[in-house]
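Below is one structure, written out as structure tokens; the observations come after it.
2 protein chains.
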Amino acid sequence: MSAGNDVFGDRSSAGAPQPFFHSRWVPAPEHVRDLGPGAGLPAGFRAAGVACGIKPSGNPDLGLLVCDAETPVSAARFTATGTPAAPVLLSQEHCRLDGLRAILANSGCANAATGRRGLDDAAKTQGAAALAVGVQESTVALASTGGISWYLPVDAVLKGILAVQGQLRREGDADFQQAIQTTDAFEKRACLEVELSGGPVRLTAQCKGAGMISPNFATMFCFVQTDAVLEPHTADLLFGVCVKRSFDRCSVDGQLSTNDTAILMCSGASGVRIAPESEDELRFGEALDALLRQLAILMVKDGEGAARIARAIVRGGHLEGIEAAARGVANSPLVKTALHSADPNWGRIVQAVGAALPGTAPLAVDIALEGIPVCSAGVAIPYDEAELAEALKAKEVEYEITLPGEGAETEVFFSDLSHEYVTINADYTT
Amino acid sequence: MSAGNDVFGDRSSAGAPQPFFHSRWVPAPEHVRDLGPGAGLPAGFRAAGVACGIKPSGNPDLGLLVCDAETPVSAARFTATGTPAAPVLLSQEHCRLDGLRAILANSGCANAATGRRGLDDAAKTQGAAALAVGVQESTVALASTGGISWYLPVDAVLKGILAVQGQLRREGDADFQQAIQTTDAFEKRACLEVELSGGPVRLTAQCKGAGMISPNFATMFCFVQTDAVLEPHTADLLFGVCVKRSFDRCSVDGQLSTNDTAILMCSGASGVRIAPESEDELRFGEALDALLRQLAILMVKDGEGAARIARAIVRGGHLEGIEAAARGVANSPLVKTALHSADPNWGRIVQAVGAALPGTAPLAVDIALEGIPVCSAGVAIPYDEAELAEALKAKEVEYEITLPGEGAETEVFFSDLSHEYVTINADYTT
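For the record, the sequence lines run as chains A and B. Just so it is clear: in the first sequence, position 75 is 75 by the working numbering, and no numbers are missing. Just so we're on the same page, the working numbering is the position in the second sequence counted from 1, plus 1000.
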């Protein structure tokens, strides 16, 4: 289970490598080409990762990603938690988030619940990274993941910055990815090419996360790079929408982290411009959307202890209602244990939906599992039990839930609840 | 783990029997005497339980409780779910809930998601029970627990009603209790005497529940009897407040059931009247409150797979905020796995509180575990790690969480998340 052994998820299994877009829920857009793991970053980006000593294991724990463009464009999204970590606060309050030049990311320490000292520690590493890279401090974003309440070993990080700066290169995305991983069982990384009217642009991403938060190792990160030319407003708009449709729609354990961070950076080095409200914007948006959705699904698939994942798709006439129902199903330990054991016990879905929507009794809910209707208007209907039991053994399972009314639809991707989850989170104490 | 072997919870362990009030969180009221399990129901009540064939195991599955008073007083509370079971709908819509004469309760089948047929089935058993007992249909409440989506075997229940009616007696509360149990590992039952100004009254209760809902065996029930004379308004008021302070404040898996039912019945047979707003009302209310709180804690203690339980007590200035924080902590699988392993990883509490209160950053949260402060204004503070680790090994653990502001306080009792929970809910498929 060591991080990074399994390049590109389960592509390393015997036989032909699996394409990046392999979930039933994310068709590969036609104008997007998978370049494979070794293609490297888009023009204008360099990255590296080193072990600087934050992790007692000696595994890589410090990553640096740099955009060499003088006036790059970027967009960022952070956790909505009430208890954000120091690097999140610092990045939000003191960075030019639409013009980032670099990201300094570490694993092994979240620098959360560390107060004034945590902010000072973060500021020191930000300053050192800016100096090493030769950019302004306000253009260096920080991202940390690891144990909450531990202080950052600043001296180790400062030495690490010097080391990692010396190794920056376009093919450094794999090393950067390794340095940000914690309990991840496999890499979540992509190198894509998007065909636009002005020529091809490259779109790469490195993502980490195996649980919204895990025992001492918190958080999801997703860093995305492109050499396309985007205006700040376009970058922010596209990234915001795509994050909402991907990372905001998945749950391993329903636990929002103190450190979640997602950043898009655009070097513009390809010279291919994406004009607002153009056909190219649509095509790039589709590529970005598919990329983030596949990464989000990979994160759920790598959810702590996960053996099977599901999509709850909920339709109805009331947006808040369908959202509550989808979250209720996705976060129910009873639904998650049933998913784990491929148990056709859909009564747990009725229960979770009803519990999420108090005051609506009697609720006319329709339920279909893998396309097989089992409940109509809140009442059990006959179905082929053997067929259903077989269908639920798939690695990706779909629950369709229909509530009264029309016009609204939502989805949540989620993992099962297994013995392995308990082992990871209970048996290995701090 | 068979139901009913372990009379009165863990009282059966070697040595002196444990008193009913044994949780640190529920001091026994001074004017309340524990009569022990064999004392029987208050005057005016009879009960019995039989095996009528709903459960394939042949275990008891049908219980009948009758109040012989001509004009009894009662009060009831039901699940708030949007998908209530047929017996809940029928009891709510067609019963005189302030004047119930009988309760027909079964385990082994929830009669939920069964639509029109489920309501008809429930109505038939209600009619048969009314006939057997010799009371009006509208005075017979129904309560079912078991598999969702299964139809009630009406013929078996009708035969069972005749059998159980023939066995009604004041000492039948133990049999009644057994007939309503499902995955419960031990009985949750009490026989108390409350000293009032007009003399003693008896207060008994039978409770079931080991998870708000469990795999195919759903629900919590609590049936309470007294021979005190209460007015309907007083009964409803006291019972409503006490249910809110007990069953509404506990969580095994955060899952509201389709069938939750709690009913208080007052025979008045003691002739001891409890006048509204009197000292006696206060004393009786204290007894009822302590009874329901101890039963709620027993339910959490018997939570599926539970080895350790906790109370999250949250204080602050904003009622909705402290409620969200308390529920967030109690239902976090990360907090629950940490509780299980006595892991002093309080970063998970910071994370759960922050996640429950988005938009409040940076949140000045104080945390103390077992009275040992670990976090002040959102920042880690020094503490004796060995002392904390030792304290967390208690069977009942307390987390104190203080948010900004003053004047509001809430609590949630919850169980841990163990391998056994996953085993119960995932490994035994339907």
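Backbone N, C-alpha and C fix where the C-beta goes; we use that ideal spot for every residue, glycine too.
Short CB-CB distance (under 8 Å) between residue i and chain A
i                : result
I1148 of chain B : yes
G1044 of chain B : no
L1357 of chain B : yes
L1100 of chain B : no
L1089 of chain B : yes
N1425 of chain B : yes
G1115 of chain B : yes
L1369 of chain B : no
F1112 of chain B : Before going on, a small fix: residue 1112 of chain B reads as Ala here, not Phe. Yes, A1112 of chain B counts as interfacial toward chain A.
P1056 of chain B : no
V1353 of chain B : yes
H1318 of chain B : no
H1022 of chain B : no
N1005 of chain B : A caution first: N1005 of chain B carries a pLDDT of 33, below 50, which makes its placement in the model too unreliable to give a value.
A1076 of chain B : no
L1097 of chain B : no
G1405 of chain B : no
L1363 of chain B : yes
P1153 of chain B : no
Residue i classed as buried or exposed, judged by whether at least 16 other C-beta atoms fall within 10 angstroms
i                : result
L256 of chain A  : buried
T71 of chain A   : exposed
G1199 of chain B : exposed
L1282 of chain B : exposed
S1023 of chain B : buried
P56 of chain A   : exposed
L65 of chain A   : buried
G1118 of chain B : buried
P244 of chain A  : In the sequence under discussion, the amino acid at residue 244 of chain A is Lys, which differs from the Pro named in the question. Exposed: under 16 other Cβ atoms inside 10 Å.
E406 of chain A  : exposed
P1060 of chain B : buried
A377 of chain A  : exposed
G1371 of chain B : exposed
G1058 of chain B : exposed
P1215 of chain B : Residue placement at P1215 of chain B cannot be trusted, given a pLDDT of 37 that sits under 50; what the coordinates show is reported in the next sentence. Buried is the call here.
Integer Cβ distance of residue i from residue j, believed to fall under 8 Å
i                : j                : result
C1250 of chain B : L1292 of chain B : In fact, because the Cβ distance is near 10 Å, the residues do not count as touching under 8 Å.
E1390 of chain B : A1312 of chain B : Not confirmed; about 20 Å, so no contact.
V73 of chain A   : D98 of chain A   : 7 Å
L295 of chain A  : K393 of chain A  : That pair is no contact at about 25 Å.
I309 of chain A  : V353 of chain A  : Between V353 of chain A and I309 of chain A the Cβ distance is about 20 Å, and since that is not below 8 Å, they are no contact.
C946 of chain B  : S1144 of chain B : Not covered by the structure: residue 946 of chain B. The range shown for chain B is 1001 to 1430.
V1201 of chain B : H1031 of chain B : With a Cβ gap of about 11 Å, V1201 of chain B and H1031 of chain B do not count as contacting.
R422 of chain A  : V1422 of chain B : It is worth fixing the name first, because residue 422 of chain A is Val in this sequence and not Arg. That pair is a contact at about 6 Å.
A1235 of chain B : A1075 of chain B : 4 Å
A80 of chain A   : F176 of chain A  : Actually they are not in contact, since the Cβ atoms of A80 of chain A and F176 of chain A sit about 26 Å apart, beyond 8 Å.
H318 of chain A  : A426 of chain A  : With a Cβ gap of about 38 Å, H318 of chain A and A426 of chain A do not count as contacting.
C-beta neighbour in chain B for residue i, strict 8 Å
i               : result
T183 of chain A : no
T379 of chain A : Strictly speaking, residue 379 of chain A in this sequence is Val, with Thr absent from that position. Closer than 8 Å: yes.
C375 of chain A : yes
L388 of chain A : no
P84 of chain A  : yes
R327 of chain A : no
D253 of chain A : yes
T337 of chain A : yes
P215 of chain A : Model confidence at P215 of chain A stands at a pLDDT of 37, short of 50, so the residue's coordinates are unreliable; what they give is reported in the following sentence. Judged by the 8 Å Cβ criterion, P215 of chain A is in contact with chain B.
S415 of chain A : no
G303 of chain A : no
H340 of chain A : yes
Problem - Uninterrupted beta strand (DSSP E) stretches inside the segment 1047-1119 of chain B (no shorter than 3 residues) - result: 1062-1067, 1073-1078, 1102-1107
Handout entry: the segment 295-311 of chain A / the segment 348-364 of chain A touching (three or more Cβ pairs under 8 Å)
Key = no
Exercise for the section: Would you check if there are 3 or more beta carbon pairs closer than 8 Å linking the segment 30-42 of chain A to the segment 168-177 of chain A? Expected result: yes
Practice task
Say whether the segment 322-342 of chain A touches the segment 414-423 of chain A, bearing in mind that this needs 3 or more beta-carbon pairs closer than 8 Å, one atom from each stretch.
Solution key: yes
Handout entry: Sequence ranges, beta strand (DSSP E) only - wholly within the segment 1145-1224 of chain B, length at least 3
Key = 1188-1196, 1199-1208
Exercise for the section: Examine the Cβ distances between the segment 1111-1129 of chain B and the segment 1079-1090 of chain B and report whether three or more of them are shorter than 8 Å. Expected result: yes
Problem - alpha helix (DSSP H) segments (min. 4 residues) lying fully within the segment 1246-1333 of chain B - result: 1279-1301, 1319-1330
Exercise for the section: Please go through the segment 1355-1393 of chain B and give each complete beta strand (DSSP E) segment of 3 or more residues, from N-terminal end onward. Expected result: 1366-1369, 1372-1376
Exercise for the section: Evaluate the contact criterion for the segment 228-241 of chain A versus the segment 269-276 of chain A: three or more CB pairs, one atom per stretch, below 8 Å. Expected result: yes
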